[in-house]
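Chemist: Okay, here's the structure, questions in a sec.
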Amino acid sequence: MNNKIEIIKTTSENPDFVTLIAALDKSLWERYPELKTNYWGNNVIELNPNVIIIYLENKPVACGCFKKYDKNTIEIKRMFVSPEARGLGLAQKILQELEFWAHDLGYAASVLETLYRQKEAISLYQKVGYVIVDNYEPYVGLENSICMRKQI
Numbered sequence: 006m007n008n009k010i011e012i013i014k015t016t017s018e019n020p021d022f023v024t025l026i027a028a029l030d031k032s033l034w035e036r037y038p039e040l041k042t043n044y045w046g047n048n049v050i051e052l053n054p055n056v057i058i059i060y061l062e063n064k065p066v067a068c069g070c071f072k073k074y075d076k077n078t079i080e081i082k083r084m085f086v087s088p089e090a091r092g093l094g095l096a097q098k099i100l101q102e103l104e105f106w107a108h109d110l111g112y113a114a115s116v117l118e119t120l121y122r123q124k125e126a127i128s129l130y131q132k133v134g135y136v137i138v139d140n141y142e143p144y145v146g147l148e149n150s151i152c153m154r155k156q157i
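As structure tokens, this is what we get:
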């Protein structure tokens, strides 16, 4: 397969990112209709200068971003790969790009939260070195959340 892949660094104001996030939210609400009210407050897109988008044949198909969690740690957010682009290793590529970017900015660790039914995501995160940890704020007490951490 000889797909043309382009990776860009951008911000959360990028219209392609906004479109991908809308698709992510739709897929999450379809998979977890019972959680919509519990998680809506954690699902706010604030202005974020640390966004990665992957284009496949000039079409935006995958994204992710990070935000500062504390002075040494970033939090990975809004990871998504469109269904038609899954299985190409794009999620792993996004994670790698985000971790390199954060490392270049002086961060030493990365945390993330995913939901318990996201078996593919949990497996991917573990494959690239993330370990499950106690839930951190704002996920403490939310039994549907799986929190993970990795040194970068």
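For the sequence shown, my numbering begins at 6 and goes up steadily by one. Just so it is clear, CB atoms sit at the ideal spot from N, CA and C, and this is done for glycine as well.
Classify Phe105: buried if its beta carbon has 16 or more other beta carbons within 10 angstroms, exposed otherwise.
Modeler: Within the sequence shown, residue 105 is the residue found at index 100, counting from 1. That one is exposed.
Chemist: Quick check: Phe85 and Cys68, are their CB atoms within less than 8 Å of each other?
Modeler: Counting from one through the sequence shown, the residue named residue 85 turns up at place 80. Counting from one through the sequence shown, the residue named residue 68 turns up at place 63. Cβ atoms of Phe85 and Cys68: closer than 8 Å.
Chemist: Give the straight-line distance between the Cα atoms of Lys64 and Ala90, rounded to the nearest whole angstrom.
Modeler: Residue numbering aside, residue 64 sits at position 59 when the sequence shown is read from its first letter. Residue numbering aside, residue 90 sits at position 85 when the sequence shown is read from its first letter. Each residue's Cα considered, the two are about 10 Å apart.
Chemist: Compute the distance between the beta-carbons of Ile58 and Thr15, then report whether it is under 8 Å.
Modeler: Locating residue 58 in the sequence shown gives position 53, where the first residue counts as 1. Locating residue 15 in the sequence shown gives position 10, where the first residue counts as 1. Against a cut-off of 8 Å, the Cβ pair of Thr15 and Ile58 comes out as a contact.
Chemist: What separation, rounded to the nearest whole angstrom, lies between the Cα atoms of Leu100 and Ile26?
Modeler: Taking the sequence shown and counting its residues from 1, the one referred to as residue 100 is at position 95. Taking the sequence shown and counting its residues from 1, the one referred to as residue 26 is at position 21. Going by the C-alpha atoms only, they are around 16 Å apart.
Chemist: Just to confirm the assignment, what range does the alpha helix (DSSP H) spanning Asp30 have?
Modeler: Position 25 of the sequence shown, counted from the start, is the residue given in the question as residue 30. Start and end: Pro20 to Arg36.
Chemist: Ignore the nearest five residues each way along the sequence and tell me which others in Ser87's own chain have a CB closer than 6 Å to its CB.
Modeler: Counting from 1 along the sequence shown, the entry for residue 87 is found at position 82. Cβ within range, chain order: Val66.
Chemist: May I ask you to report which of helix, strand or coil DSSP gives Leu93?
Modeler: Residue numbering aside, residue 93 sits at position 88 when the sequence shown is read from its first letter. Note: Leu93 maps to coil in three-state DSSP.
Chemist: Within 10 angstroms of its Cβ, does Ser115 collect 16 or more other Cβ (buried), or is it exposed?
Modeler: Residue numbering aside, residue 115 sits at position 110 when the sequence shown is read from its first letter. Buried, since its Cβ has 16 or more Cβ neighbours within 10 Å.
Chemist: Is Tyr130 buried or exposed, if buried means 16 or more other CB atoms sit within 10 Å of its CB?
Modeler: Position 125 of the sequence shown, counted from the first residue, corresponds to residue 130. Classification of Tyr130: buried, given that the 10 Å Cβ count is 16 or more.
Chemist: Comparing the CB of Asn63 with every heavy atom of the ligand MN, is any distance shorter than 7 Å?
Modeler: Judged by which ligands are present, the structure shown has none, so any question about the ligand MN falls away.
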